[in-house]
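Residue 9 in full-length UniProt numbering sits at position 9 of the sequence shown; the count goes up by one each step and never skips.
Beta carbons: idealized from backbone N, C-alpha and C, even for Gly.
First the structure, in the form of structure tokens, and then the observations on it.
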Amino acid sequence: MGRVQVRITPLDIKKRVFNKAFRGYNIEEVEEFIDRIAAEYERLYTDHRKFTKEIAKLEEEVKEFSQMEKSLKQALLSAQKTSSSLTTNAEREAQIIIKEAELNAEKIVDEAKSEAKDLLKHIKVLNQKKKMIKLDLKSLLESYMESLDLNEGEVQKVEKKQPLIKRKKNESKSDQGKQG
Numbered sequence: 001m002g003r004v005q006v007r008i009t010p011l012d013i014k015k016r017v018f019n020k021a022f023r024g025y026n027i028e029e030v031e032e033f034i035d036r037i038a039a040e041y042e043r044l045y046t047d048h049r050k051f052t053k054e055i056a057k058l059e060e061e062v063k064e065f066s067q068m069e070k071s072l073k074q075a076l077l078s079a080q081k082t083s084s085s086l087t088t089n090a091e092r093e094a095q096i097i098i099k100e101a102e103l104n105a106e107k108i109v110d111e112a113k114s115e116a117k118d119l120l121k122h123i124k125v126l127n128q129k130k131k132m133i134k135l136d137l138k139s140l141l142e143s144y145m146e147s148l149d150l151n152e153g154e155v156q157k158v159e160k161k162q163p164l165i166k167r168k169k170n171e172s173k174s175d176q177g178k179q180g
């Protein structure tokens, strides 16, 4: 803001001397009026100097506030950029974490499916072995049963022949006793 230069001071008004002329103004009235003007002008002059100092002070404060505003705007802009950057980075990291979790979950599911498939194959093989063992055992048992049936028949034949054998044995003993 431009400053107004005061060209006439109150002292200039008080010291001003006018030439006297014939039939001029009443000197006392003029001097009284000039004194009043000088007093009023001095009050205005003092106010002007006070206001000029205040204006200079306020201009300095406005300048400081303007600098603070500029700094705050820069800080706010920087904070917004940082916030935006942090948000973007957080979103990016979240996406990476989600993607990794999805891949891990997919891998776990695939491994579980593979294990389940292997277990089913193993169960199928065990069931086939179980069937084969059952068939082998059944066949073996049937074979033993047949063998037992045959042996039982032979035992019965032997049991039937046993009295005959005992008799022959007794006869043979008695023949030996007679001979000897």
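Asked	Found
Extent of the continuous alpha helix (DSSP H) to which Ile13 belongs	10-15
Contact belief for Ile8 with Ile34 at Cβ below 8 Å, rounded distance in angstroms	No, Ile8 and Ile34 are not in contact; Cβ-Cβ is about 12 Å, not under 8 Å.
Where Lys20 falls: helix, strand or coil (DSSP)	coil
Touching by the beta-carbon criterion (3+ pairs, under 8 Å), the segment 39-58 and the segment 15-23	no
Local conformation of Arg43 per DSSP, three classes	helix
Arg36 - DSSP class collapsed to helix/strand/coil	helix
Contacts around Ala56, its chain only, beta-carbon distance under 7 Å, and the 5 residues preceding and following it disregarded	none
Length of the line joining the Cα atoms of Lys157 and Lys134	34 Å
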